[in-house]
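Student:
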Amino acid sequence: MSEARYNILVVSDNSGRGEGGAEVFNQELAEALARRHNVTLFTANPDMPAHQGIQRTVQTQPPLIEPGPGEEGEPKPMERRDWLEQLARQDPQQYGLEDPAAQPYDIIIGHSRFSGPAAAGLRENWYQDARLVHFLHTSPERLPFVRGLTPERAEAKAAKDSAIERGLMERSDVVAGVGPLLAQASRDLSAEGEHIPHSHEFVPGTRVYDPVQHDPAPETLNLLVMGRVGDPLKGVDDAAMAVKRLNEAGLRVHLTVRGIRQEELEEQFERLEDLTGGNVTVKPRTKSVDEINEDIRASHAMIMPSKHEGFGMVASEGLGHGVPVLVNEESGAAQFLQDTERFPPEIGRPCVVAEPTDGSSRAQAWMQAINQLRQDLPQRQAGALRMREILQQYSWEHAAEATVQAAMEQTPLPHRDPRALVTAQERDLMRTVQGPDGQLLRPDAPQQAPPATEGPEPGVGVQRDGPVQEGRAPDAPAPIWQAGLPQNAQSTPSTQSTQDAPGGQSPQSAQHQAGAESARSAASPEQQTPLWQVGLPQHQGGTGSPRGTAPAESATSLWQVGVSQDPPAAGRGAGESGAGRSGGAQQPPPDLSGPRGDGIEV
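Numbering of the sequence shown is given in the working numbering, commencing with residue 575 and proceeding in unit increments.
(1) Note down the Cα distance separating R663 from Q635, rounded to an integer number of angstroms.
(2) Could you check what DSSP says for H874 in three-state terms: helix, strand or coil?
(3) Could you tell me which of S862, E844, R654 and V863 sits nearest to T855, measuring between CA atoms?
(4) Where does V749 fall in DSSP's three states?
(5) Using a Cβ-Cβ cut-off of 8 angstroms (strictly less than) and excluding sequence neighbours within five positions of S713, which residues of its own chain qualify?
(6) Within the segment 867-947, note down every full beta strand (DSSP E) run reaching 3 residues or more, in order along the chain.
(7) At what residue ranges does the segment 989-1028 contain a whole run of the beta strand (DSSP E), taking only runs of 3 or more?
(8) Starting from the N-terminal side, write out each stretch of the alpha helix (DSSP H) that is 4 residues or longer and does not extend beyond the segment 775-848.
(9) For R960, which three-state DSSP category applies?
(10) I'd like to confirm something about P785: is its beta-carbon nearer than 6 angstroms to some heavy atom of the ligand GTP, or not?
(11) Can you tell me the Cα-Cα spacing of G1154 and R826, whole angstroms?
(12) Roughly how many angstroms lie between the CA atoms of D587 and N821, to the nearest whole one?
(13) State the start and end residues of the unbroken beta strand (DSSP E) segment that holds G684.
(14) My output table needs one value for K857: the three-state DSSP class, helix, strand or coil.
(15) In the DSSP assignment, what are the bridge partners of R630?
(16) Comparing alpha-carbon positions, which option in S890, A765 and R859 lies nearest G753?
(17) Taking just the CA atoms, how far does Q955 sit from Q984?
(18) Whose C-alpha, out of A728, R655 and V720, is nearest the C-alpha of A692?
(19) Roughly how far, in whole angstroms, is the beta-carbon of T794 from the beta-carbon of Y968, given that I think they are within contact range, below 8 angstroms?
(20) Quick check: what's the CA-CA separation for E698 versus H708?
(21) Using DSSP bridges, identify the partner residues of P641.
(22) Can L965 and L1015 be called in contact, C-beta distance under 7 angstroms?
(23) DSSP three-state label for I582, please.
(24) What residue range does the beta strand (DSSP E) around M716 cover?
(25) Compute the Euclidean distance between the alpha carbons of R610 and R579, then round it to the nearest angstrom.
(26) Assuming contact is defined by CB atoms lying nearer than 7 angstroms, are A606 and E971 in contact in what I supplied?
(27) What would DSSP say about H708, mapped onto helix, strand or coil?
(28) Taking Cβ to Cβ, would you say L797 is nearer than 7 angstroms to L849?
(29) Report the option in A732, F719, L658 and V777 whose CA atom is closest to the CA atom of T977.
(30) Can you give the Cα-Cα distance for L658 and L995, rounded to whole angstroms?
(31) So, with DSSP's three-state summary, where would you put P529?
(32) Helix, strand or coil for G1152 per DSSP?
(33) Taking the alpha carbon of N945 as the reference point, which residue from M878, T860, T1006 and A816 has its own alpha carbon closest?
(34) Under 7 angstroms Cβ to Cβ from W940, same chain only, skipping five residues before and after it: list those, please.
(35) Looking only at its chain, what residues have a beta carbon closer than 6 angstroms to the beta carbon of P988, apart from the 5 residues adjacent to it on each side?
(36) Excluding five sequence neighbours on each side, which residues of the same chain lie with their C-beta closer than 8 angstroms to the C-beta of V632?
As structure tokens, this is what we get:
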């Protein structure tokens, strides 16, 4: 990774735990960026808790809006996102940001339509030298149709939100889709327009803890679901009904639900107690990482029964402790866990619960998946420990650095030569994907022919498609970072020089443009093997497989590179907590140990 230290402005209407997934995401990302860079966090929440390592925090208070003509009620605060967008049109020094004359920021980050408009406005109005990174957190085209809206309302909302996202993407230098599902959605959304932004696939980080070890044959299977459980999109009712049916069939299962608003706790408990047949514990929202970890470590499995998730970070949270997970099929997490170049298929695929297509209910599908998990619990526990080990290659620091590298390759749009703009097809060929340990991979880039000029003498410095390296004799072994990699699937170069290339572009941007030129003249698909297939057995080369960085001799998948092949030894993990506290007068979950329960037919 580059040792360069950049100045980064993170714009977020809100940030921190206890709210939603995007707020948690922003805190983790901002803190990870701050470990290597100078980060300013600009938010519209004056009560936001302090974030570790942030060099500067600018917190603003949205003004109160009086009721309109004919309306009754008390004044209400302006929407945070609207307030930030309004401030972006004013001199930023008035509310605590840096003097634009100094062009102090290298990168500005915005999140979807929530803070994306403010981030784009700040770059265009005041900080034109900064690269603009736009994160896509949800699919605006898909989400309205799984929220229970009428078809007419869903279609109208999808059109409105998609138009906003497209407009923001066209104003950005990099669009970072959170996970593979949203990376593809972002490319689809941004495929039209005069400016096609660079596409980057971002992998949310995993915090890895001491592995938890439970009895592989518990008397009662304890499940945990987290998130905005009052939202029908999250599918908690389906999981609750599955738990009731399993208990009625003779398999003891208990569900803990974390994430209910305090004022709704009693009401939700009564409702879920009925749905589960009394086999539930409900807990309020919390900002405490310790309380969340306590819940995770007290469970035999975490489940994510959502109807749709852009990614679903709860899966990574569970696997970070070595706890098995079940996730819904329509999610970025499902695509990530089923990527056979990241995880062995025998441990990744069983984590995914397929959506029913035969007319059966989601509750029935989840009942079957939970029952299968119980029957295979020893294998699932071993698989989760193996996945925990692999996920050490996907920390928040790795994710942050890959994003910085992808951004710093770009020339800021206000300074872009119009002749350097690329088509959507060329953009797709040059897209970047976050690999293990923060590597920046270009899985679809065409092979580039070597230059016709004579190479330098041994000992002369050479700039290639990777970090700056010293020249070497022709027969000398390749550096470790190149070993076994197709030349254009190597890590992208770290930004080492601030000298501009011809035409006002950075060296990285000039290289990116050269790659696009190569894409224009690339051979037809019939004549060219996709890079992700190079060196891979053909059974791994399914359509759309995103990566191919293994040596041809061994066809090593990414999940095998640099990772011990043996799972951690059995034994109770250090720091393991007991069962979580129950809400109200409810009964706590049963003990975690006991004789093996018999399988049941579902």
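Each residue gets a CB set at the ideal place from its N, CA and C atoms; glycine is no exception.
Remember, it's a predicted structure, so these values are computed and weren't measured experimentally.
Tutor: In short:
(1) The residue given as residue 663 occupies position 89 in the sequence shown. The residue given as residue 635 occupies position 61 in the sequence shown. Separation of R663 and Q635 (C-alpha to C-alpha, rounded to the nearest whole angstrom) is 16 angstroms.
(2) Stepping through the sequence shown from its first residue, residue 874 is reached at position 300. Here H874 carries a coil assignment [DSSP, helix/strand/coil].
(3) In the sequence shown, the residue the question calls residue 855 occupies position 281. Of S862, E844, R654 and V863, the residue nearest in Cα terms is E844.
(4) Within the sequence shown, residue 749 is the residue found at index 175, counting from 1. DSSP, read as helix, strand or coil, puts V749 in strand.
(5) Residue numbering aside, residue 713 sits at position 139 when the sequence shown is read from its first letter. The answer, listed in chain order, is L755, L756, A759, H882 and G884.
(6) Entirely contained in the segment 867-947, the beta strand (DSSP E) runs reaching 3 residues are, in chain order, 875-878 and 899-902.
(7) If you keep only unbroken beta strand (DSSP E) runs of at least 3 residues inside the segment 989-1028, you get 1006-1008.
(8) Taking 4 residues as the shortest admissible run, the segment 775-848 contains the following complete alpha helix (DSSP H) segments, listed from N- to C-terminal end: 810-822.
(9) The residue labelled residue 960 in the question sits at position 386 within the sequence shown. DSSP places R960 in helix when its eight states are reduced to three.
(10) Among the components modelled here there is no ligand, and therefore nothing to report on the ligand GTP.
(11) On the sequence shown, position 580 is the one that residue 1154 refers to. On the sequence shown, position 252 is the one that residue 826 refers to. With a pLDDT of 35 at G1154, under the threshold of 50, the modelled position of that residue is not reliable, and no figure is offered here.
(12) Numbered from its first residue, the sequence shown carries residue 587 at position 13. Numbered from its first residue, the sequence shown carries residue 821 at position 247. If I take the Cα positions, the gap works out to 43 angstroms.
(13) As a position in the sequence shown, residue 684 is number 110, starting the count at 1. Note, G684: beta strand (DSSP E), I681 to H685.
(14) Residue 857 sits at position 283 when you count from the first residue of the sequence shown. Per DSSP, reduced to three states, the secondary structure at K857 is strand.
(15) Stepping through the sequence shown from its first residue, residue 630 is reached at position 56. Answer is T614, bridged to R630.
(16) As a working mapping, residue 753 is identified with position 179 in the sequence shown. Residue S890 is the option with its Cα nearest to G753.
(17) Within the sequence shown, residue 984 is the residue found at index 410, counting from 1. Within the sequence shown, residue 955 is the residue found at index 381, counting from 1. Approximately 43 angstroms, taken between the alpha carbons.
(18) Within the sequence shown, the letter at position 118 stands for residue 692. It is R655.
(19) On the sequence shown, residue 794 is found 220 positions in, with the first residue counted as 1. On the sequence shown, residue 968 is found 394 positions in, with the first residue counted as 1. Contact doesn't hold; Cβ gap of about 32 angstroms is too wide.
(20) As a first step, residue 698 is located in the sequence shown; it is residue number 124 there, counting from the start. As a first step, residue 708 is located in the sequence shown; it is residue number 134 there, counting from the start. Annotation: E698 to H708 spans about 14 angstroms, alpha carbon to alpha carbon.
(21) Translated into the one-based positions of the sequence shown, residue 641 becomes position 67. P641 pairs with nothing; no bridge assigned.
(22) Here residue 965 refers to the residue found at position 391 of the sequence shown. Here residue 1015 refers to the residue found at position 441 of the sequence shown. Cβ distance not < 7 angstroms, so L965 and L1015 don't count as in contact.
(23) Translated into positions along the sequence shown, residue 582 becomes position 8. If DSSP states are grouped into helix, strand and coil, I582 belongs with the strands.
(24) Counted from its first residue, the sequence shown places residue 716 at position 142. In the sequence as displayed, the identity of residue 716 is Arg instead of Met. Per DSSP, R716 lies in no beta strand (DSSP E) segment and is marked neither H nor E.
(25) Mapped onto the sequence shown, residue 610 falls at position 36. Mapped onto the sequence shown, residue 579 falls at position 5. Their Cα atoms are separated by approximately 6 angstroms.
(26) To locate residue 606, count along the sequence shown from 1; it is residue 32. To locate residue 971, count along the sequence shown from 1; it is residue 397. A contact, by the Cβ cut-off of 7 angstroms.
(27) Your numbering for residue 708 matches position 134 in the sequence shown. H708: strand per DSSP, three-state reduction.
(28) By one-based count along the sequence shown, residue 797 stands at place 223. By one-based count along the sequence shown, residue 849 stands at place 275. In this structure, L849 does not lie closer than 7 angstroms to L797 by Cβ.
(29) Your numbering for residue 977 matches position 403 in the sequence shown. Each of A732, F719, L658 and V777 was checked against the Cα of T977, and the nearest Cα belongs to V777.
(30) The count along the sequence shown starts at 1 and reaches residue 658 at position 84. The count along the sequence shown starts at 1 and reaches residue 995 at position 421. For L658 and L995, the distance between alpha carbons rounds to 30 angstroms.
(31) This structure leaves residue 529 out entirely; the chain is present only between 575 and 1176.
(32) Walking along the sequence shown from the start, residue 1152 turns up at place 578. Residue confidence is low: G1152 scores 38 on pLDDT, short of 50, so the model does not pin down where it sits. Its coordinate-derived value is still stated next. Coil, per DSSP.
(33) Reading the sequence shown from its first residue, position 371 is the one you call residue 945. Measuring from the Cα of N945, the nearest candidate turns out to be A816.
(34) If you number the sequence shown from 1, residue 940 lands on position 366. Only D812, A813, A816, P879 and V927 meet the Cβ criterion.
(35) Residue mapping note: residue 988 aligns to position 414 of the sequence shown, counting from 1. So the list reads Q702, once near-sequence residues are dropped.
(36) Residue mapping note: residue 632 aligns to position 58 of the sequence shown, counting from 1. Once the five neighbours on either side are set aside, the close Cβ partners of V632 are T614, L615, F616, T617, Y669, G670 and L671.
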